[in-house]
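These protein sequence lines are chains A and B, in that order.
The numbering used here puts the first sequence at residues 1 to 147.
The numbering used here puts the second sequence at residues 1001 to 1147.
Just so you know, even glycine gets a beta-carbon here, dropped at the ideal spot from N, CA and C.
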Amino acid sequence: MNTTQIKPWMSAFISGALFSVGLAMSGMTQPAKVIGFFGFTHGLESWDPSLAFVMGGGMLIYILGLQLSKGLEQPYCGTDFSQPSQKSIDKKLICGSLVFGMGWGLAGYCPGPVLASVGAMSRDALIVLAGMIIGIIVTKKFSPKKS
Amino acid sequence: METFTPLTSLLGGLLIGAASIFYWVANGRIAGISGIFGRLFERQDPMSPQPPQRTIEGIAFVAGLISFGCLCSLFGPQLFINQLSLSPIRLVFAGLLVGIGTTMGSGCTSGHGICGLSRFSKRSFFAVCSFMLSATLTVWLFGGASL
């Protein structure tokens, strides 16, 4: 048992909230910026490299934090660390990621910004979310259940 | 529109990284939005005696993401404006691809991108290369000046 006062759902809420503020600040919730990043093929003078800074900043903190928390035996508000279990690079990983990239490039929304923008009552994000939920449900239905 | 925003994008990225590592240190989980959100659409195993702790934390995370998206939009509505005028059909199709792709590929920009790359996961490296490549190709073919 953990001795902290903070319940896991509370820390999860805080993570989500902080994540949302980060997304809004970074420009990820503006599809034009996302398309502007991938759009270097349309001319380098109109290229918007901002997204590389988002990725760089995010990774910097995560790598540092991971190093600092190495000795931790259990999470502060939970019981154990859920390490990613899958290791193999298979067709499903590659094909799935290729399909995701197509969707991301088509509208400029990836899952985090979709949810944050739905909170901001964006009509476009709501439409993307509808498609996303259908995609999730259909794919889960037709793929074998993982442990 | 301001195009290149290195400072706010970096700050936003640092916040996203902080939120992600906080979820690891506090809850012991990977802050992958598609995984967290997608799991909410899995049917609960009726034979399992365990309470769906993971689901509770997932709901809290998503609630934080959505509610703070709402809050942020009160202070900076311009952060959530979609300057691209995309048809609803394109939006729903994009969402569908994002839903299918992230479920098949077990991750999106946050899980494979921020968390996976920072963990030097080979799987995530290949996933990120795949979705960056297909997003670039998609924007090259269907984006840019024609939007």
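- Membership of E45/A in any alpha helix (DSSP H) is not indicated, and neither H nor E is assigned to it by DSSP.
- When the beta-carbon positions are compared, L1141/B and G131/A stay at least 8 Å from each other.
- Interface with chain B (8 Å Cβ-Cβ cutoff): L44/A is excluded.
- Nearest to L1074/B by alpha-carbon distance, out of M121/A, G135/A, A107/A, A17/A, is M121/A.
- Using a Cβ-Cβ cut-off of 8 Å, G71/A does not count as an interface residue toward chain B, since no Cβ of chain B sits closer than that to its own.
- Taking V114/A as reference, the option from G1058/B, V1062/B, S1124/B with the minimal CA-CA separation is V1062/B.
- A distance below 8 Å separates the beta carbons of M55/A and G1013/B.
- For Q30/A, the C-beta contacts it makes with chain B under 8 Å involve L1079, F1080, I1081, N1082, Q1083, in order along the chain.
- Spanning the alpha carbons of L1079/B and S1048/B requires a straight line of approximately 43 Å.
- When DSSP states are grouped into helix, strand and coil, A32/A belongs to the helix group.
- Counted as a single uninterrupted DSSP element, the alpha helix (DSSP H) harbouring L23/A occupies residues 8 to 26.
- A Cβ of chain B is located within less than 8 Å of the beta carbon of S82/A.
- Proximity of S85/A to chain B, defined by a Cβ-Cβ separation below 8 Å, is not satisfied.
- Contact between G39/A and V1139/B holds: their C-beta atoms lie close to 5 Å from each other, under 8 Å.
- Taking the CA atoms as reference points, S82/A sits about 24 Å from L23/A.
- When C-alpha distances from I61/A are compared across T1136/B, T1003/B, S1130/B, I1114/B, the shortest belongs to I1114/B.
- Among the CB atoms of chain A, one or more fall inside 8 Å of the CB of P1088/B.
- When 9 Å is used as the limit between beta carbons, M1047/B is near no residue of chain A, the shortest such separation being about 13 Å.
- Using beta-carbon distances, Q1044/B does not count as an interface residue toward chain A, since no partner is under 8 Å.
- With contacts defined by Cβ atoms closer than 8 Å, S15/A and G1064/B form a contacting pair.
- Straight-line measurement puts the Cα of Y109/A at about 13 Å from the Cα of V99/A.
- Residue-level contact by beta carbon holds for P1006/B and chain A, with a gap shorter than 8 Å.
- At a cut-off of 8 Å between C-beta atoms, T1055/B does not count as an interface residue with respect to chain A.
- Here I1059/B is buried. Its C-beta has 16 or more other C-beta atoms within 10 Å.
- In the same chain as G1017/B, and ignoring 5 residues on each side of it, the C-beta atoms closer than 7 Å to its own belong to I1114, in chain order.
- When DSSP states are grouped into helix, strand and coil, M121/A belongs to the coil group.
- G1028/B is not a Cβ neighbour of G135/A, given a cutoff of 8 Å.
- Annotated as distal: L106/A and A1127/B, with beta-carbon spacing of 8 Å or more.
- Leaving aside the five residues that flank L126/A on each side, the residues in its chain whose CB is nearer than 7 Å to its CB run, in chain order, V118.
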